[in-house]
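Colleague: Just so you know, the numbering used here puts 670 at position 132 of the sequence shown, and the rest follows in order with no gaps.
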Amino acid sequence: MHYDTDSNLHGLKHDPFKALAVPRPIGWVSSVGKDGSRNLAPYSFFNAVADRPPMVMFSSVGRKDSLKNIEETGEFVCSLANWDLRHEMNMSSAAVGRGVDEFALAGLEPAASKLVKAPRVARSPAAFECRHWKTIEMPANEKRPDLSNLVVFGIVVAIYIDDSFVQDGLVNTGAMRPLARLGYMDYAVVTPETMFTLNRPEVAADGKSATVNTREWDGVYR
Ligand SMILES: Cc1cc2nc3c(=O)[nH]c(=O)nc-3n(C[C@H](O)[C@H](O)[C@H](O)COP(=O)(O)O)c2cc1C
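1) Where Leu550 and Met723 are concerned, what is the direct C-alpha to C-alpha distance, given to the nearest angstrom?
2) Less than 7 Å separating the Cβ of Tyr581 from some heavy atom of ligand 1?
3) Let me know if Trp566 comes out buried or exposed under the rule of 16 or more other beta-carbons within 10 Å of its beta-carbon.
4) How would you label Leu653, buried or exposed, when you count the other beta carbons within 10 angstroms and need 16 or more for buried?
5) Touch check for the segment 568–577 and the segment 599–615: three-plus C-beta pairs under 8 Å?
6) Using only the heavy atoms of ligand 1, determine whether one of them is closer than 7 Å to the beta carbon of Asp589.
7) Could you give the distance in angstroms between the alpha-carbon of Ser747 and the alpha-carbon of Arg760?
8) Nearest by alpha-carbon distance to Val560: which of Phe584, Asp544 and His548 is it?
9) Report the start-end ranges of each beta strand (DSSP E) in the segment 584–662 that is 3 residues or longer and not cut off at the edges.
10) Please report the residue range of the alpha helix (DSSP H) in which Gly514 lies.
11) Can you tell me where the alpha helix (DSSP H) holding Phe555 begins and where it ends?
12) Contact between the segment 630–642 and the segment 588–600: three or more CB pairs below 8 Å?
13) Taking the beta strand (DSSP E) that Trp566 falls in, what are its first and last residues?
14) Identify whether Phe666 lies in helix, strand or coil by the three-state DSSP scheme.
15) DSSP three-state call for Phe691: helix, strand or coil?
16) Between which two residues does the beta strand (DSSP E) harbouring Arg576 extend?
17) Would you mind sorting Ile697 into buried or exposed? The rule is 16 or more other CB atoms within 10 Å of its CB.
18) Please classify Thr735: does DSSP put it in a helix, a strand, or coil?
19) Return the Cβ separation of Leu618 and Ala664 in integer angstroms, given the expectation that the two are a contact with Cβ distance under 8 Å.
20) Leaving out five residues on either side along the sequence, give the residues of the same chain with a beta carbon under 8 Å from the beta carbon of Asp573.
21) To the nearest angstrom, report how far apart Leu605 and Val690 are at their CA atoms.
22) Using the C-alpha atoms, what's the distance from Gly712 back to Thr732?
23) Work out the CA separation of Thr729 and Asp553 for me, nearest whole Å.
24) Is Val615 near Arg661, with beta carbons less than 8 Å apart?
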């Protein structure tokens with residue numbers, strides 16, 4: 539099959555787009571409003587977009603509570619959603635009213651951040667503390683002008699890592715068992731068994747060819 543997205547006549551039971559843009563990391567976004575109320579919600583239109591300075595983005599389909607809080611206080615935290623917290627992550631996506639604390643709803647303890655007022659999820663193995671940089675409103679669908687998509691960019695100003703996941707100077711990502719969002723109601727989980735390593739190609743001195751060595755990574759980025 540091959541279809542154009544303007545008509546979007548894919549003929550399937552559900553729009554396949556999100557089942558194809560996979561796996562997507564989940565930004566588990568916590569924020570506080572100017573009245574101090576806490577908010578927590580997962581966003582899978584989420585990713586790291588730069589590393590110097592480290593920056594992340596998430597996209598809000600409509601003006602949701604996370605975005606409203608971030609506009610009010612200029613800060614947010616993205617905790618890592620993992621296998622152990624999958625049910626809590628899911629519960630925190632419930633479309634409850636503004637001002638309802640999804641930490642409490644999902645039975646989660648907040649932990650104080652270092653540089654921002656929004657707390658992280660205490661049991662999450664890692665978290666990014668972010669200062670709001672900019673929100674960009676993306677083009678709306680001509681047929682659904684009511685559906686706005688707003689991309690929120692944040693500069694990561696502090697990073698929390700549970701020390702028990704740091705081994706030999708590296709983060710043991712597989713041990714954290716991070717979740718990824720797929721399409722429909724599907725998810726995937728990163729484990730040591732599903733991870734693999736590839737060395738970068740080394741370019742020859744003449745710049746015309748490249749080879750990849752299959753030895754264990756020597757710790758040098760190329
Ligand atoms: C795994 C997962 C990923 C989600 N990703 C997004 C997303 O990228 N953008 C979005 O607008 N909503 C997304 N949602 C839905 C929001 O979490 C949901 O609308 C939530 O109520 C928003 O909360 P808030 O209004 O407190 O910000 C996702 C839900 C789940 C379970």
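Cβ atoms here follow ideal geometry from the backbone N, Cα and C, with glycine treated the same way.
Modeller: The relevant details are as follows:
1) Here residue 550 corresponds to residue number 12 of the sequence shown, with the count starting at 1. Here residue 723 corresponds to residue number 185 of the sequence shown, with the count starting at 1. Each residue's alpha carbon lies about 16 Å from the other.
2) Residue 581 sits at position 43 when you count from the first residue of the sequence shown. Answer for Tyr581: yes, Cβ within range of ligand 1.
3) One-based indexing of the sequence shown puts residue 566 at position 28. Trp566 comes out buried.
4) Indexing the sequence shown from 1 puts residue 653 at position 115. With fewer than 16 other beta carbons inside 10 angstroms of its own, Leu653 counts as exposed.
5) Yes, they touch.
6) Residue mapping note: residue 589 aligns to position 51 of the sequence shown, counting from 1. Distances between the C-beta of Asp589 and the heavy atoms of ligand 1 are all 7 Å or more.
7) If you number the sequence shown from 1, residue 747 lands on position 209. If you number the sequence shown from 1, residue 760 lands on position 222. About 15 Å.
8) Within the sequence shown, numbered from 1, the residue matching residue 560 stands at position 22. Closest by alpha carbon: Phe584.
9) 584–589, 592–599 and 613–618
10) Since the first residue of the chain shown is 539 and the last is 760, residue 514 is not available in this structure.
11) Counting from one through the sequence shown, the residue named residue 555 turns up at place 17. Counting along the chain, the alpha helix (DSSP H) containing Phe555 begins and ends at Phe555 to Leu558.
12) no
13) As a first step, residue 566 must be located in the sequence shown, where it is residue number 28. Here the beta strand (DSSP E) through Trp566 covers Gly565 to Val570.
14) For the purposes of this step, residue 666 is taken as the residue at position 128 of the sequence shown. Three-state result, Phe666: strand.
15) Taking the sequence shown and counting its residues from 1, the one referred to as residue 691 is at position 153. Strand.
16) One-based indexing of the sequence shown puts residue 576 at position 38. Element bounds for Arg576: Arg576 to Tyr581.
17) Against the sequence shown, residue 697 aligns to sequence position 159. Ile697 is exposed by the Cβ-count criterion.
18) Reading the sequence shown from its first residue, position 197 is the one you call residue 735. Coil.
19) Stepping through the sequence shown from its first residue, residue 618 is reached at position 80. Stepping through the sequence shown from its first residue, residue 664 is reached at position 126. Confirmed, Cβ separation roughly 4 Å.
20) Translated into positions along the sequence shown, residue 573 becomes position 35. Answer for Asp573: Gly637, listed in chain order.
21) Numbered from 1 along the sequence shown, position 67 holds the residue referred to as residue 605. Numbered from 1 along the sequence shown, position 152 holds the residue referred to as residue 690. Their Cα atoms are separated by approximately 7 Å.
22) Position 194 of the sequence shown, counted from the first residue, corresponds to residue 732. Position 174 of the sequence shown, counted from the first residue, corresponds to residue 712. Looking at the two C-alpha atoms, the distance is approximately 8 Å.
23) The residue labelled residue 553 in the question sits at position 15 within the sequence shown. The residue labelled residue 729 in the question sits at position 191 within the sequence shown. Each residue's Cα considered, the two are about 29 Å apart.
24) Your numbering for residue 615 matches position 77 in the sequence shown. Your numbering for residue 661 matches position 123 in the sequence shown. For Val615 and Arg661, no; Cβs fall outside 8 Å.
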